[in-house]
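Its first residue numbered 1, the sequence shown is counted upward by one per residue in full-length UniProt numbering. Built from N, CA and C at the ideal position, the CB exists for glycine as well. Bear in mind the structure is a predicted one, so any value in this text is a computation, not a measurement. What follows is a set of notes on a single structure, which appears directly below.
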Amino acid sequence: MKRVVFMFPGQGSQDLGMGMSLYQHDQKTKQTIDQANDWLGFDLRGLMFDGPIESLTETKHAQPALVLTSGVLLDALKAAGVEPVAVLGHSLGEYSALVASGSLTLEQATTLVYQRGVLMEQADPEGKGGMSAVLGLTEDVLEDVLNTTNNQVEIANLNSPGQIVISGDKQKIEEITPLLKEKGAKRVIPLAVSGPFHSSFMKPQADKFASVLKDVDVKVPQVPLLHNVTAQAETDPDEIKHRLTEQLYSKVRFEESIRHLLDHDEIDAFVEVGNKKVLTGLVKKIHRRARVFQVEDQDSLTAFVQWYKEDES
Numbered sequence: 001m002k003r004v005v006f007m008f009p010g011q012g013s014q015d016l017g018m019g020m021s022l023y024q025h026d027q028k029t030k031q032t033i034d035q036a037n038d039w040l041g042f043d044l045r046g047l048m049f050d051g052p053i054e055s056l057t058e059t060k061h062a063q064p065a066l067v068l069t070s071g072v073l074l075d076a077l078k079a080a081g082v083e084p085v086a087v088l089g090h091s092l093g094e095y096s097a098l099v100a101s102g103s104l105t106l107e108q109a110t111t112l113v114y115q116r117g118v119l120m121e122q123a124d125p126e127g128k129g130g131m132s133a134v135l136g137l138t139e140d141v142l143e144d145v146l147n148t149t150n151n152q153v154e155i156a157n158l159n160s161p162g163q164i165v166i167s168g169d170k171q172k173i174e175e176i177t178p179l180l181k182e183k184g185a186k187r188v189i190p191l192a193v194s195g196p197f198h199s200s201f202m203k204p205q206a207d208k209f210a211s212v213l214k215d216v217d218v219k220v221p222q223v224p225l226l227h228n229v230t231a232q233a234e235t236d237p238d239e240i241k242h243r244l245t246e247q248l249y250s251k252v253r254f255e256e257s258i259r260h261l262l263d264h265d266e267i268d269a270f271v272e273v274g275n276k277k278v279l280t281g282l283v284k285k286i287h288r289r290a291r292v293f294q295v296e297d298q299d300s301l302t303a304f305v306q307w308y309k310e311d312e313s
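Given below as structure tokens:
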């Protein structure tokens, strides 16, 4: 059997029509997406299919929409007999990975990330925080520049060689942008986010989220799940909750996670389960010979399953 890793995208991968292809083709998907409206108490299905995009992009809506979409795709993959040897997610995507590992149900994850999204939106009511992607600098050089900001700007995501996201005070990010370019950054791209996520500015919200997680029944994962904060797998449910809380104000170590898998396992393919191809592109930058699939609709699901089952005796 082929050895595949499931990867789940985070916020920013939402788009109108997400999940619709499978909804129209698969009765179980239709039932699950319809049920999600009852789980949440609002019309998430309508936002996913019809928008408006401005409302779907709000953190409190985008997060459950993405987890739900990845969840129904995951169900379809498992129904086709595809089982991963490891799973991981990028930021929000870690919740989809928890579903894939058996630690959370899809209902638990979808309702949990709605609460997470609400808390994250409340982190920066005055809009003083922001995030930017820095292209073309190493982590060491970037840290030297950030050390001049008195902890007002921090590294948020270590995505791939030459792609690092910073987070913090928006004005400070603007102030250091010329210095980053002077040090060799090819581009510094402001991101459309509602706050300084994955920075110490999120610590108060993380403390509130810990209270939400306290009563959530997290099961022992049945498949290794690499966490963003450590790029390592955890098996203890209390430790998993701790990692989810830490994740709100800590670096996402995506590149390190992918390298860990490549170094410690024989991986035939990475499969991005969800909208767009953000993680697919990152993996190709980390290891250009890696085989990567993306499954987001009925056609891509069929194509991947066909490859997965080739050469089966």
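Residues of its chain near residue i, where Cβ-Cβ distance is below 6 Å and the 5 sequence neighbours each way are ignored
| i | result |
| --- | --- |
| Ala80 | Val305 |
| Val87 | Phe6, Ala97, Ala100, Ser101, Val223, Leu225 |
| Trp307 | none |
| Glu30 | This sequence places Lys at residue 30; Glu is not what is there. Excluding sequence neighbours, Lys30 sits near Tyr23. |
| residue 345 | Residue 345 is absent from the model: the chain starts at 1 and stops at 313. |
| Thr111 | Trp39 |
| Val82 | Tyr308 |
| Gly41 | none |
Where the beta strand (DSSP E) through residue i begins and ends
| i | result |
| --- | --- |
| Ala79 | Counting along the chain, Ala79 falls outside any beta strand (DSSP E), though it belongs to the alpha helix (DSSP H) covering 59-79. |
| Leu135 | 129-135 |
| Asp169 | 163-169 |
| Val87 | 86-89 |
| Val4 | 4-8 |
Distance CB(residue i)-CB(residue j) smaller than 7 Å
| i | j | result |
| --- | --- | --- |
| Phe254 | Asn159 | yes |
| Leu66 | Ala36 | no |
| Ile53 | Leu16 | yes |
| Ser21 | Gln232 | no |
| Val295 | Leu44 | no |
| Leu106 | Gly71 | yes |
| Lys246 | Ile240 | Here residue 246 is Glu; the residue named in the question, Lys, does not match the sequence. Not a contact, by the Cβ cut-off of 7 Å. |
| Asn228 | Glu94 | yes |
| Gly184 | Leu142 | no |
| Thr59 | Ser250 | no |
| Ser103 | Val283 | no |
| Leu248 | Met202 | yes |
Unbroken alpha helix (DSSP H) run spanning residue i, endpoints
| i | result |
| --- | --- |
| Gln108 | 106-121 |
| Asn228 | Premise fails: Asn228 is in no alpha helix (DSSP H) and is neither H nor E. |
| Met48 | 44-50 |
| Thr29 | 27-40 |
| Gly93 | 93-101 |
| Glu54 | 53-56 |
Close-in-space but distant-in-sequence residues of the same chain around residue i (CB under 8 Å, 5 per side omitted)
| i | result |
| --- | --- |
| Val85 | Arg3, Val4, Val5, Val223, Pro224, Asp265, Ile267 |
| Thr55 | The question names Thr, yet the displayed sequence has Ser at residue 55. Correct list, in chain order: Leu47, His61. |
| Ser13 | Leu66, Gly274, Asn275, Lys276, Val278 |
| Thr32 | Leu68, Gly71, Val72, Asp75, Leu106 |
| Val180 | Here the sequence assigns Leu to residue 180, which means Val is not the residue at that position. Correct list, in chain order: Val134, Leu137, Leu142, Val145, Val188. |
| Thr300 | One detail in the question is off: residue 300 reads as Ser in this sequence, not Thr. These residues qualify, in order along the chain: Phe293, Gln294. |
| Pro178 | none |
| Ile176 | Val145, Leu146, Thr148, Thr149, Val153 |
| Ala109 | Val67, Gly71, Tyr95, Ser96, Leu98, Val99 |
| Glu139 | Ile155, Leu158, Ile164 |
| Arg291 | Asp268, Ala269, Phe270 |
Contact set for residue i: own chain, Cβ-Cβ below 7 Å, skip 5 residues either direction
| i | result |
| --- | --- |
| Leu279 | Met7, Pro9, His90, Glu272 |
| Gln63 | Gln11, Leu92, Val113, Tyr114, Arg116, Gly117 |
| Ile173 | Gly130, Ser132, Val153, Ile166 |
| Lys186 | Leu135, Gly136 |
| Leu262 | His287 |
| His25 | Gln298 |
| Lys18 | In the sequence under discussion, the amino acid at residue 18 is Met, which differs from the Lys named in the question. Correct list, in chain order: Met48, Ala65, Thr69, Asn275. |
| Pro190 | Gly130, Ser132 |
| Asp311 | none |
| Met1 | none |
| Pro221 | Ser101, Gly102, Ser103, Thr235 |
| His260 | Leu226, Ala231 |
Any chain C beta carbon closer than 7 Å to residue i
| i | result |
| --- | --- |
| Ser91 | Protein chain content of the structure displayed is limited to a single chain, and chain C is not contained in it. |
Let me know the beta strand (DSSP E) ranges lying completely inside the segment 137-161, each 3 residues or longer, listed in chain order. 153-160
Should the segment 7-22 be regarded as contacting the segment 257-273, the criterion being three or more beta carbon pairs within less than 8 Å? By the C-beta criterion, the segment 7-22 is judged to be in contact with the segment 257-273, since at least 3 inter-stretch pairs fall below 8 Å.
Ordered list of alpha helix (DSSP H) runs contained in the segment 237-311, each at least 4 residues: Every alpha helix (DSSP H) of 4 residues or more that sits fully in the segment 237-311 is shown, in chain order, as 237-247, 254-264, 278-286, 298-309.
Does the segment 159-169 come within contact of the segment 115-135, defined as at least 3 CB pairs closer than 8 Å? yes
Quick test of the definition: if touching needs 3 or more C-beta pairs under 8 Å, does the segment 167-180 touch the segment 192-208? Because the criterion of three Cβ pairs below 8 Å is met, the segment 167-180 and the segment 192-208 touch.
Any contact between the segment 203-220 and the segment 102-121? By contact I mean 3 or more CB pairs, one from each, below 8 Å. yes
Threshold first: 3 residues or longer. Then list the beta strand (DSSP E) segments lying entirely within the segment 172-221, N to C. 187-190
Do three or more CB pairs link the segment 143-156 to the segment 119-126 at distances below 8 Å? no
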